[in-house]
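Asker: Here's a structure for you.
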Ligand SMILES: Nc1ncnc2c1ncn2[C@@H]1O[C@H](COP(=O)(O)OP(=O)(O)O)[C@@H](O)[C@H]1O
Ligand SMILES: [Mg+2]
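As C-alpha cells, then:
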C-alpha cells in the first residue's frame with residue numbers, strides 16, 4: 001500500500017521536557033495505527049508537531065513524498081487533518097456550520113466572493129452541504145444538523161468532531177482519544193466510520209486509552225513513553241508485553257530513561 | 259432644513275464608521291480603537307487632493323479610501339503576525355503619532371485644520387443631494403458587511419472567534435481573514451472621511467482623536483456589538499440625541515455637561531441592563 005505520511009527523526013523539547021525524542025514513523029494508506037502510552041508520553045504533542053501547532057526542533061515530515069511544513073492551515077489544505085482530545089468544536093455554531101467550515105477548499109475564503117455569492121460559491125456550498133449531510137446520515141445524526149453543537153449529548157459531540165475532520169478529504173487522519181467518554185451506539189458508530197475511512201484509502205493514526213478499541217481496529221500499534229517510541233508491533237504483542245503494561249499503569253522505573 | 263440634512267449626513271457618516279468598526283472588533287475580534295485615524299486618512303487625502311489638484315471629487319474620495327486601506331494593511335501585516343495585542347498598541351500609536359504630525363505640518367493646516375475644501379455641489383438642493391449620496395453609500399457598506407457575514411466568509415470568521423486553533427487546523431487562514439476584515443473596515447472609514455470632508459468643507463485634527471474613538475466604540479457597544487443593526491441604531495441614537503438636546507435651546511453652559519452626563523448614564527445603564535446592546539441578544543451557546 002502507498003505510503004501517506006513519513007516522519008523522520010522528529011525531536012522536540014519544551015524547556016527540560018522532551019516530548020519527541022527521535023521519532024520516526026510511517027503511515028500507509030488504508031492503515032489504522034494505534035498510538036498508545038501513559039499520560040504525558042507525548043502522543044498529543046506528536047499530533048501537534050504533525051499538524052503544525054508546534055514546530056519541531058529537528059526532523060522532517062513528508063506527506064505523500066512532499067515535505068509537510070509551514071503553518072497549520074497549509075498543512076490542513078495539503079491533506080492532514082486531526083481531531084482534538086477536548087474536541088474544540090465551534091460552540092456558537094450549529095452542527096452543519098461546524099462541518100461546512102472544514103472543507104479543504106473553502107468557498108468563503110475570499111470576502112469579496114462571499115459578498116457577491118457568485119455562482120461558483122453557491123455551487124461549492126451546495127456540494128459541501130450535500131457531503132456534510134451524507135456524513136451525518138452515515139452517523140445516524142441527520143436530525144441534529146441544525147442544532148447548536150454544544151447542545152448535543154457528549155458522545156454525539158465526539159462524533160461531530162470526527163465528522164468535521166472528515167469534511168477535509170485529505171489522506172491523513174489523526175484522531176486524539178476519539179473514544180474517551182463515548183459509549184453504546186456512538187461507540188459502534190465511531191468504530192464503523194473510522195474503519196470505513198481507512199478502507200477508503202486514508203491513513204489513520206489513533207491515540208486511544210481504550211485497548212479493546214485499539215485491538216478491534218488497528219493493524220498495528222506504537223507504544224510511546226517520555227517522547228520515545230519504545231516498541232512497535234501488532235496490538236497483541238504490545239498488550240502482552242509485561243514491561244509496557246507496567247509502564248502504562250504508571251510504575252515507571254529508572255530503566256526507561258536509559 | 260439645511261440643519262436636518264446636516265444632521266442626516268452625520269448619522270450616515272457615523273453609520274459607516276460604526277458598521278465598519280463593528281466588523282473589525284465585533285466580528286473580526288481585532289482589538290483596536292484607532293478607527294478615527296483611517297477616517298482622518300480618508301478625509302485629509304480627499305481634502306488635500308481636492309484643494310491641491312483639479313481631480314474630480316470622486317477620484318479624491320477614492321484615493322482617500324486607497325490610502326486608508328494601504329495604511330491598514332501595512333499596520334495589520336506587521337502586527338498580526340505577532341502573538342498578543344500588538345495591533346491595539348500599534349494602531350493607537352499610529353493614531354496619536356499621525357495626529358501629532360497633522361498638528362505640526364503646515365500643508366495639513368496644523369491644529370486649525372483645512373477649511374478651504376472646494377465646493378463640489380452647489381444650489382439649494384446641495385444638502386439633500388449629499389444626504390442622498392451618503393445614505394446610499396451607508397446602505398451599500400452595511401449591505402456588503404451583512405452579505406459577507408451571512409455567507410461562507412462570515413461562517414469562517416465566527417469559527418475563528420470561537421476557536422482560532424481549531425479553525426486554522428481545518429485549513430482556514432486566520433491571518434488572511436483578519437487582514438481582509440481590517441482592510442475593508444478601514445477602507446470604509448476612509449470613505450466616511452471623504453464624505454465628511456466634502457460635505458462639511460472643514461476638517462481638523464481634533465475631530466479624529468481618542469474622544470472620537472470613544473464615540474464610535476460607544477455607538478457599537480450601545481447598539482449591539484457583533485450584530486447587523488446594532489451599529490446603525492447606536493449611530494442614530496448617539497447623533498440624534500445630542501442634536502435633540504441642542505434643539506431644546508437650553509443655556510449653553512448646561513448643554514455640554516448634560517450631554518456628558520447623559521452619555522455616561524446611558525453607557526452604564528446599558529452595561530447592566532443590556533450588555534448585548536439595544537438589538538443584540540444573548541447568542542446561543544454562549545451560556546454553556
Ligand atoms: N506547549 C507546551 N509547552 C510546555 N510543555 C508542553 C507543551 N505541550 C505539551 N507539553 C508537555 O509535554 C508532555 C507531553 O504531553 P502530551 O503530548 O499532551 O502527552 P499525551 O498526549 O501523551 O498525554 C507533558 O508533560 C506536557 O505537559
Ligand atoms: Mg494527549
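Chains as they are written, first to last, in my numbering: chain A, 1 to 258; chain B, 259 to 546. Glycine included, every Cβ here is placed at the ideal spot set by N, Cα and C. Since this is a predicted model, take the numbers as computed values, not measurements.
Per DSSP, what kind of secondary structure is residue 256 (chain A) in: helix, strand or coil?
Answerer: Note that residue 256 (chain A) scores a pLDDT of 39, beneath 50, so its modelled location is shaky; the value from the coordinates is reported in the next line. Looking at residue 256 (chain A) - three-state DSSP - the assignment turns out to be helix.
Asker: Pull up the distance between the alpha-carbon of residue 451 (chain B) and that of residue 297 (chain B), whole angstroms please.
Answerer: Cα to Cα, the separation comes out at about 5 Å.
Asker: Taking 8 Å as the cut-off, decide whether the C-beta atoms of residue 175 (chain A) and residue 150 (chain A) are in contact.
Answerer: Against a cut-off of 8 Å, the Cβ pair of residue 150 (chain A) and residue 175 (chain A) comes out as no contact.
Asker: Taking Cβ-Cβ distances shorter than 8 Å, what residues in chain B pair up with residue 100 (chain A)?
Answerer: For the C-beta of residue 100 (chain A), the chain B residues within less than 8 Å are, from N- to C-terminus, 410 and 413.
Asker: Taking only beta-carbon positions, decide if residue 53 (chain A) is within less than 8 Å of chain E.
Answerer: Of the protein chains in this structure, namely A and B, none is chain E.
Asker: Go ahead and label residue 2 (chain A) buried or exposed: buried means 16 or more other beta carbons lie within 10 angstroms of its beta carbon, across all protein chains shown.
Answerer: exposed
Asker: Within its chain, find whatever has a CB closer than 8 Å to the CB of residue 542 (chain B); leave out the 5 residues flanking it on each side and keep chain order.
Answerer: Because residue 542 (chain B) sits at a pLDDT of 35, beneath the cut-off of 50, its placement in the model cannot be relied upon, and the following sentence gives the value as read from the coordinates. Once the five neighbours on either side are set aside, residue 542 (chain B) has no close Cβ partner at all.
Asker: With burial defined as no fewer than 16 other Cβ atoms inside 10 Å of the residue's Cβ, what is the status of residue 177 (chain A): buried or exposed?
Answerer: buried
Asker: Answer yes or no: do residue 305 (chain B) and residue 477 (chain B) have a C-beta to C-beta separation smaller than 8 Å?
Answerer: The Cβ atoms of residue 305 (chain B) and residue 477 (chain B) lie no closer than 8 Å to each other.
Asker: Starting from the beta carbon of residue 425 (chain B), find every residue of chain A whose beta carbon is closer than 8 Å, and list them in chain order.
Answerer: Close partners of residue 425 (chain B) in chain A (Cβ separation under 8 Å): 90 and 101.
Asker: Secondary structure at residue 278 (chain B), three-state DSSP: helix, strand or coil?
Answerer: helix
Asker: Of all Cβ atoms in chain A, is any one closer than 8 Å to the Cβ of residue 297 (chain B)?
Answerer: no
Asker: Taking a contact to mean a Cβ-Cβ separation below 8 Å, would you say residue 289 (chain B) touches residue 343 (chain B) in this structure?
Answerer: yes
Asker: On the premise that residue 482 (chain B) lies in contact with residue 536 (chain B), defined as a C-beta separation below 8 Å, what is that separation, rounded to the nearest angstrom?
Answerer: 6 Å
Asker: Answer with buried or exposed for residue 339 (chain B), where buried requires no fewer than 16 other C-beta atoms within 10 angstroms of its C-beta.
Answerer: exposed
Asker: In whole angstroms, what is the alpha-carbon distance linking residue 373 (chain B) and residue 312 (chain B)?
Answerer: 17 Å
Asker: Taking all protein chains shown into account, decide if residue 545 (chain B) is buried (16 or more other Cβ within 10 angstroms of its Cβ) or exposed.
Answerer: Low local confidence applies: a pLDDT of 31 at residue 545 (chain B) is under 50, so the model's placement there is unreliable, and no value is given.
Asker: Quick check on residue 9 (chain A): does DSSP put it in helix, strand or coil?
Answerer: strand
Asker: DSSP on residue 3 (chain A), reduced to helix/strand/coil?
Answerer: The answer is strand: DSSP assigns residue 3 (chain A) an E or B state.
Asker: Going residue by residue through the stretch 115 to 188 of chain A, where are the continuous beta strand (DSSP E) segments of at least 3 residues, counting only ones entirely within it?
Answerer: Counting only runs of 3 or more residues that sit fully inside the stretch 115 to 188 of chain A, the beta strand (DSSP E) segments are 172 to 176, in chain order.
Asker: Measuring straight from C-alpha to C-alpha, what distance separates residue 357 (chain B) and residue 523 (chain B)?
Answerer: 30 Å
Asker: DSSP has residue 60 (chain A) in a bridge; who is on the other side?
Answerer: A:8
Asker: Is any beta-carbon of chain A found at less than 8 Å from that of residue 440 (chain B)?
Answerer: No, residue 440 (chain B) lies away from the interface with chain A (no Cβ there is under 8 Å from its Cβ).
Asker: Per DSSP, what kind of secondary structure is residue 67 (chain A) in: helix, strand or coil?
Answerer: Residue 67 (chain A) falls in the strand class under three-state DSSP.
Asker: Rounding to the nearest angstrom, what Cα-Cα distance links residue 362 (chain B) and residue 299 (chain B) in this structure?
Answerer: Cα to Cα, residue 362 (chain B) sits roughly 16 Å from residue 299 (chain B).
Asker: When DSSP labels each residue in this structure, what does residue 293 (chain B) get in the three-state scheme?
Answerer: helix
Asker: Can you find at least 3 beta carbon pairs, one from the stretch 157 to 177 of chain A and one from the stretch 41 to 55 of chain A, that sit closer than 8 Å?
Answerer: In short, these stretches touch, since the Cβ pair count reaches three.
Asker: Report yes if the CB atom of residue 308 (chain B) is closer than 8 Å to the CB atom of residue 410 (chain B), and no otherwise.
Answerer: no
Asker: Please classify residue 231 (chain A): does DSSP put it in a helix, a strand, or coil?
Answerer: strand
Asker: Please state the DSSP three-state secondary structure of residue 224 (chain A).
Answerer: In this structure, residue 224 (chain A) counts as strand in the three-state DSSP scheme.
Asker: Run through DSSP, which three-state label would residue 219 (chain A) get?
Answerer: coil
Asker: For residue 95 (chain A) versus residue 26 (chain A), is the C-beta distance shorter than 8 Å?
Answerer: no
Asker: Kindly say whether residue 471 (chain B), judged by its beta-carbon, lies nearer than 8 Å to any beta-carbon of chain A.
Answerer: With 8 Å as the cut-off, residue 471 (chain B) does not count as an interface residue toward chain A.
Asker: Measuring straight from C-alpha to C-alpha, what distance separates residue 349 (chain B) and residue 464 (chain B)?
Answerer: Taking the straight line joining both Cα atoms gives about 17 Å.
Asker: Give the range of the alpha helix (DSSP H) segment to which residue 445 (chain B) is assigned.
Answerer: 432 to 458
Asker: Ordered along the chain, which non-local residues of its own chain (more than five positions away) have a Cβ less than 8 Å from that of residue 430 (chain B)?
Answerer: 414, 417 and 418
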